[in-house]
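These protein sequence lines are chains A and B, in that order. Residues 1 to 424 (my numbering) make up the first sequence, in order. Residues 1001 to 1424 (my numbering) make up the second sequence, in order. Just so it is clear, CB atoms sit at the ideal spot from N, CA and C, and this is done for glycine as well. Data block below; observations after.
Protein chains: 2
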Amino acid sequence: MKPYAQLTPAERAAEYARLQAEFESLKSKKLSLNMARGKPSKAQLALAGDIFSLMRSPEDYVSDGIDVRNYGELSGLPAARRLFADLLGCRPEQVFVGGNSSLQLMYDTVSKAYTHGLLHSPRPWCKEETVKWLCPTPGYDRHFKVTETFGFQLIAIPMTEQGPDMDAVEEAVKDPAVKGIWCVPKYSNPDGIIYSDETIRRMAALSPAAPDFTILWDNAYCVHEFEGDFVPFPDMLALCAQAGRPDMVFEFCSTSKMTLPGAGIACFACSEANLAHMEKLLTIQTIGYDKVNQQRHVLFLRDKAHILELMKKHAAIMAPKFRCVVDTLDREVAPLEIASWQRPKGGYFVSLSAMPGTAKRTLALCKEAGVSMTGAGAAFPYGKDPQDTNIRIAPSLPPVEELEEAMAVLCVCLKMAALEKLGL
Amino acid sequence: MKPYAQLTPAERAAEYARLQAEFESLKSKKLSLNMARGKPSKAQLALAGDIFSLMRSPEDYVSDGIDVRNYGELSGLPAARRLFADLLGCRPEQVFVGGNSSLQLMYDTVSKAYTHGLLHSPRPWCKEETVKWLCPTPGYDRHFKVTETFGFQLIAIPMTEQGPDMDAVEEAVKDPAVKGIWCVPKYSNPDGIIYSDETIRRMAALSPAAPDFTILWDNAYCVHEFEGDFVPFPDMLALCAQAGRPDMVFEFCSTSKMTLPGAGIACFACSEANLAHMEKLLTIQTIGYDKVNQQRHVLFLRDKAHILELMKKHAAIMAPKFRCVVDTLDREVAPLEIASWQRPKGGYFVSLSAMPGTAKRTLALCKEAGVSMTGAGAAFPYGKDPQDTNIRIAPSLPPVEELEEAMAVLCVCLKMAALEKLGL
Chain A
1 MKPYAQLTPA ERAAEYARLQ AEFESLKSKK LSLNMARGKP SKAQLALAGD
51 IFSLMRSPED YVSDGIDVRN YGELSGLPAA RRLFADLLGC RPEQVFVGGN
101 SSLQLMYDTV SKAYTHGLLH SPRPWCKEET VKWLCPTPGY DRHFKVTETF
151 GFQLIAIPMT EQGPDMDAVE EAVKDPAVKG IWCVPKYSNP DGIIYSDETI
201 RRMAALSPAA PDFTILWDNA YCVHEFEGDF VPFPDMLALC AQAGRPDMVF
251 EFCSTSKMTL PGAGIACFAC SEANLAHMEK LLTIQTIGYD KVNQQRHVLF
301 LRDKAHILEL MKKHAAIMAP KFRCVVDTLD REVAPLEIAS WQRPKGGYFV
351 SLSAMPGTAK RTLALCKEAG VSMTGAGAAF PYGKDPQDTN IRIAPSLPPV
401 EELEEAMAVL CVCLKMAALE KLGL
Chain B
1001 MKPYAQLTPA ERAAEYARLQ AEFESLKSKK LSLNMARGKP SKAQLALAGD
1051 IFSLMRSPED YVSDGIDVRN YGELSGLPAA RRLFADLLGC RPEQVFVGGN
1101 SSLQLMYDTV SKAYTHGLLH SPRPWCKEET VKWLCPTPGY DRHFKVTETF
1151 GFQLIAIPMT EQGPDMDAVE EAVKDPAVKG IWCVPKYSNP DGIIYSDETI
1201 RRMAALSPAA PDFTILWDNA YCVHEFEGDF VPFPDMLALC AQAGRPDMVF
1251 EFCSTSKMTL PGAGIACFAC SEANLAHMEK LLTIQTIGYD KVNQQRHVLF
1301 LRDKAHILEL MKKHAAIMAP KFRCVVDTLD REVAPLEIAS WQRPKGGYFV
1351 SLSAMPGTAK RTLALCKEAG VSMTGAGAAF PYGKDPQDTN IRIAPSLPPV
1401 EELEEAMAVL CVCLKMAALE KLGL
């Protein structure tokens, strides 16, 4: 098949008729397939099976002399702080271990900035006329919604192959109303891009007008390679400190995609001055997070080396799914020149750029044929993709057989939407 | 010994000298005893031992068809919602099951009122000129601190033997700036009082000027009798609904003092309209709480009847400790007429009224002799006890032998402080 743009109107009409028949045949299968969320599969959940039978003997209840079963230790078990420090390359004193959700720690950080202010805030953000927030785009819809719900003005920053467009970021932070930026620096959601050394260096060297400008550095996929070896990644806390602004970054991480999604442990890491400030606020909110689950994770995950072994097992499950997505697109869609896509080596998504103006239509067709995808526009501030082009594919949940069916549907829908756009 | 007030100055001096010698002898023991917090003892923690070995087989991972190991179910496992509904006498649809901390759910409720507003709020509370909050006093220091940290003006409401002074409450809620009240309705912290039917009825029938006035009903000790049988308690949600204001109350509860402190599960319960409003805000904050731990608790606790059996075992450990406290005070302090105290049948505290102006001094002496107690004034708004009289005794943590030593210290310190106050 030639590129669609080169087809005559008659050829397009014939192709569309053929696709319609294929679409009807797929619809008649009454599929119910889900590629909407970065949800691990049953096979991945099984990798954590042993976590349920840990803590058998009384000595397992004690960690560094602390009875993990009783109240206390606001900042988390020292052993859990060491575990995350090992993983992130920072120091245990910089780590606060929380509950089951890193998103919640991010929300709470933004919420406390809003209600009380961060360490260098002249006043709580709720007392500011306007708060603006930088959103590298496409990005993670849940991030954007957190800053949207507090009424911040979201500013889209284009993503490049190297990470956020740093010229745009450096320009934007001259505005004192700009208080921060969302970043997923390794295997960015949804593009799967690893920020380049140059991007990271420039990010750490930012000189923002706002004294409390904060980088929310969501290192969600820090060890989540599914192809190739572990890619080492710099410690952003140290880089910001070296650049003279140790308090400019909060880093986040969780074990949700190492052990159990929604039943793992999460942390934030920041300068010790930031941590002292946050602890003063957090001690009002809670006596402490679930240390029993922290202890389970310390016993199960042990250290970074052991985690990397575990992640190889996740990779063995994930890799064939990503290959299925990319191979299908290469075979079915590439020759038509109606879309382009990333080829990530880690993370949870494949980000696809459909022909402008066709993403919504494609996903509506998918839905009609029983395939759920992340809503069109979700990866953009306020859920609005100005080009209507971005489609996020999340292939982790379905088994490969189902994924093949879902991709067949997606390809037909992409083609139909493109032909409709080109005109029949 | 006669009441201290009836002693001659010479008798007082002799008594004080005798006590000083006793104090020095106690000090020389270099004690390190803790009656500061309502922390369960090791023996109580052991009662939850079986919770670690649940979830052995694949069917244990599934609850109402939901794989508890994966993301989802923002409001909690249906089975966990049913469990708390059974316990509180409300309906499962009214229950939101969260993480390990009911305090955190309370903080988050107040925080969301501040940042976004509650269901009937004309505006977020951060946009209000003044927010006032009613604090039945003496009360729980962590409650008061939550409302203090958001800059609310705390208004002390006297506690009576029947619960908060409802005349004072009814008068206070005429002020539209008064947005809510803290309540620990069963075995109040620290007095151990069960609100009377009359108090509860009047509370539910409040007609506040603020449309978003909210009762934060912390049912922390709903099944926490240590003496006598379980005391049934009305469903406050139903009472408020009957009185025409179904959205006026949020109830809280946790298993921290049933299973594991800081590693249990917590919930809030409210009208379905309130819950729908809160879910819209909570879905931005988190994908969901730890359902694996919810499932562990469902399997371990089963239902209210089974929980009441478990609480009998807690009672068997707690009762001798409370008897030790009250018996020691009866024997050592009662004849001197320098203090009075409650005789609770449940909860975690004994509240003692020392001679006015002696609480701080008593606790300073205790500290000198190695006994940690809750800070003087903690049970009052802003940590300031205007009479300097209230002392909260938390006898749950130490074994009885240690408790006897700690009570010996407390009695000597109470007596010394009283004599100093009366004049030597």
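- Message: I'd like to know if G1461 of chain B contacts chain A, where contact means its C-beta is closer than 7 Å to some C-beta of that chain.
- Response: Shown here, chain B extends from 1001 to 1424; a query on residue 1461 of chain B therefore has no answer.
- Taking M1055 of chain B as the query, report the chain A residues whose CB atoms sit under 7 Å from its CB, ordered along the chain. For M1055 of chain B, the chain A residues whose Cβ falls inside 7 Å of its Cβ are F52, in order along the chain.
- How many whole angstroms separate the CB atoms of L154 of chain A and C135 of chain A, which I take to be in contact at a CB cut-off of 8 Å? Yes, L154 of chain A and C135 of chain A are in contact; Cβ-Cβ is about 5 Å, under 8 Å.
- Message: Can you give me the C-alpha to C-alpha distance between K345 of chain A and Q162 of chain A, rounded to a whole angstrom?
- Response: The straight-line gap from Cα to Cα measures roughly 15 Å.
- Query: Could you give the residue range of the alpha helix (DSSP H) that holds Q294 of chain A?
  - Reply: From DSSP, the alpha helix (DSSP H) with Q294 of chain A extends over 291 to 301.
- Task: Measure the alpha-carbon distance for A156 of chain A versus C366 of chain A and round it to whole angstroms.
- Result: For A156 of chain A and C366 of chain A, the distance between alpha carbons rounds to 27 Å.
- Item | Close Cβ partners of L1077 of chain B (< 8 Å) along its chain, the five nearest in sequence each way excluded | Counting only residues of its own chain and dropping the five nearest sequence neighbours on each side, L1077 of chain B has a CB closer than 8 Å to the CB of S1063, D1064, I1066, V1068, V1097, K1291, Q1294, Q1295, V1298.
- Query: Where does A266 of chain A sit, in a helix, a strand or coil, going by DSSP?
  - Reply: Of the three classes helix, strand and coil, the one that applies to A266 of chain A here is strand, per DSSP.
- Query: So which residues of chain B does L260 of chain A contact, with C-beta pairs closer than 7 Å?
  - Reply: Against chain B, the beta carbon of L260 of chain A has neighbours under 7 Å at R1069, V1292, listed in chain order.
- Query: Between V97 of chain A and chain B, is there a C-beta pair that is closer than 7 Å?
  - Reply: False, the Cβ-Cβ gap to chain B never drops below 7 Å.
- In this structure, does DSSP put I1393 of chain B in helix, strand or coil? Note: I1393 of chain B maps to strand in three-state DSSP.
- Task: Select from A:G192, A:T149, A:K179, A:K174 the residue whose C-alpha is nearest the C-alpha of T160 of chain A.
- Result: Of A:G192, A:T149, A:K179, A:K174, the residue nearest in Cα terms is A:G192.
- C-beta neighbour in chain A for T1358 of chain B, strict 7 Å: Cβ-Cβ to chain A under 7 Å: no for T1358 of chain B.
- Apart from the five residues on each side of it in sequence, which residues of its chain come closer than 6 Å, Cβ to Cβ, to W1125 of chain B? Sequence-distant Cβ neighbours of W1125 of chain B in its own chain, meaning closer than 6 Å and more than five residues away, are A1113, Y1114, V1131.
- Query: Which class does F437 of chain A belong to by DSSP, given the choice of helix, strand or coil?
  - Reply: For residue 437 of chain A there is no data in the structure shown, the boundaries of chain A being 1 and 424.
- Message: Is there a Cβ of chain A sitting closer than 7 Å to that of T1328 of chain B, yes or no?
- Response: Not an interface residue.
- Give the straight-line distance between the Cα atoms of P9 of chain A and A17 of chain A, rounded to the nearest whole angstrom. C-alpha separation (whole angstroms): 12 Å.
- Establish whether the CB of Q295 of chain A and some CB of chain B are separated by less than 7 Å. It does not: the Cβ of Q295 of chain A has no partner Cβ on chain B nearer than 7 Å.
- Which residues in the same chain as L103 of chain A place their Cβ atom closer than 7 Å to its Cβ, once the five residues preceding and following it in sequence are excluded? Here the set comprises R142.
- Message: Counting only Cβ-Cβ distances shorter than 7 Å, please list the residues of the segment 1253 to 1278 of chain B near chain A, keeping chain order.
- Response: Within the segment 1253 to 1278 of chain B, the qualifying residues are L1260, P1261, G1262, A1263.
- Query: So N189 of chain A packs on F349 of chain A, CB below 8 Å; how close in whole Å?
  - Reply: In this structure, N189 of chain A and F349 of chain A form a Cβ contact; the two beta carbons are roughly 6 Å apart against a cut-off of 8 Å.
- Item | Boundaries of the beta strand (DSSP E) in which K1179 of chain B is found, first to last residue | DSSP places K1179 of chain B in the uninterrupted beta strand (DSSP E) bounded by 1178 to 1183.
- Query: Mind checking P1232 of chain B: buried by the 16 CB within 10 Å criterion, or exposed?
  - Reply: When all chains shown are included, P1232 of chain B counts as exposed.
- Would you mind telling me which residues of chain B sit closer than 8 Å to I317 of chain A, beta carbon to beta carbon, in chain order? Chain B residues near I317 of chain A: none, gap ~14 Å exceeds 8 Å.
- Using the Cα positions of L1282 of chain B and G1288 of chain B, report the straight-line distance between them to the nearest angstrom. If you draw a straight line from the Cα of L1282 of chain B to the Cα of G1288 of chain B, it is about 9 Å long.
- Under 9 Å between beta-carbons, which chain B residues line up against C126 of chain A? List them in chain order, please. Within chain B, the residues near C126 of chain A are Y1114, T1115, P1124, C1126, K1127.
- Taking one C-beta from the segment 1321 to 1340 of chain B and one from the segment 1397 to 1404 of chain B each time, how about it: are there three or more such pairs within less than 8 Å? With a cut-off of 8 Å, the segment 1397 to 1404 of chain B and the segment 1321 to 1340 of chain B count as touching, because enough Cβ pairs lie within range.
- Query: Nearest to Q1285 of chain B by CA position, among A:V371, A:D303, A:T149, A:K42, is which residue?
  - Reply: With distances taken between Cα atoms, Q1285 of chain B lies closest to A:T149.
- Which residues bound the alpha helix (DSSP H) around K1029 of chain B? Careful: K1029 of chain B lies outside any alpha helix (DSSP H) and carries neither H nor E.
- Query: If we ignore side chains and look at the alpha-carbon of each, how far apart do N1034 of chain B and E1015 of chain B end up?
  - Reply: So the alpha carbons of these two residues sit roughly 27 Å apart.
- Message: Please tell me whether V223 of chain A and M236 of chain A are closer than 7 Å, where the distance is taken between their beta carbons.
- Response: Cβ distance not < 7 Å, so V223 of chain A and M236 of chain A don't count as in contact.
- Message: Is the beta carbon of I1317 of chain B closer than 7 Å to that of Q1006 of chain B?
- Response: Taking the C-beta atoms as reference points, I1317 of chain B is found no nearer than 7 Å to Q1006 of chain B.
- Message: Quick check: A1210 of chain B and P1176 of chain B, are their CB atoms within less than 7 Å of each other?
- Response: Yes, these two residues count as a Cβ contact at 7 Å.
- Message: Tell me the rounded alpha-carbon separation between E1368 of chain B and K1027 of chain B.
- Response: Going by the C-alpha atoms only, they are around 7 Å apart.
- Can you find a C-beta in chain B that's less than 7 Å from the C-beta of I66 of chain A? Taking CB atoms only, I66 of chain A has no neighbour in chain B less than 7 Å away.
- What is the DSSP secondary structure of D1218 of chain B, counted as helix, strand or coil? The answer is strand: DSSP assigns D1218 of chain B an E or B state.
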